[in-house]
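Down below is the structure, laid out as C-alpha cells.
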Amino acid sequence: MLIRIEVFSKIKDKRTWVMKKEIEKFGVKGKIKAVKLADVYTINKNLSFIQQQKVASSLINPVTEEVLINNPFFPKKFSWAIEIGFLPGVTDN
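The numbering used here applies: residue 2 is where the sequence shown begins, and numbers increase by one.
Here you go:
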C-alpha cells in the first residue's frame, strides 16, 4: 500500500521565497501571490494508521512544520501546480 506523507512549513520558509524569486525570472514578476512548498515522502509498505503517524512524526519538527498523511493538499483556489519527483528506484540524488 502506498502512503503519501506531505510536510509543510508553518512559518515563513526561505525555500518558498527563493522558489518564488526563481519563478519570477520567467517574466511573471509581481503576478505570483504565494508559493507553497512541500516535502513529499512516498512509502510502499503496509502500515497501520498508528504506524503511519509515527513515521510522519519522525519526519517533522512539530514546532515549525505540519504534516498530511494520504490527504494531498489542495488549496481552494490556485492557478497552477508543479510536482517534481524522482522516478521509482532512482536513489542517486
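Every residue gets a Cβ at the ideal spot worked out from N, C-alpha and C, and that includes glycine.
Treat the numbers as computed from the prediction; the structure is a model and nothing was measured.
For V19, no beta strand (DSSP E) run applies; the uninterrupted alpha helix (DSSP H) run containing it begins and ends at K15 to E25, by DSSP. In the displayed model, S10 falls within a strand according to three-state DSSP. An exposed status is given to I33, since fewer than 16 other beta-carbon atoms sit within 10 Å of its beta-carbon. In this chain, the beta strand (DSSP E) harbouring L69 covers E66 to I70. In this structure the segment 72 to 90 touches the segment 35 to 48; the number of beta carbon pairs closer than 8 Å is three or more.
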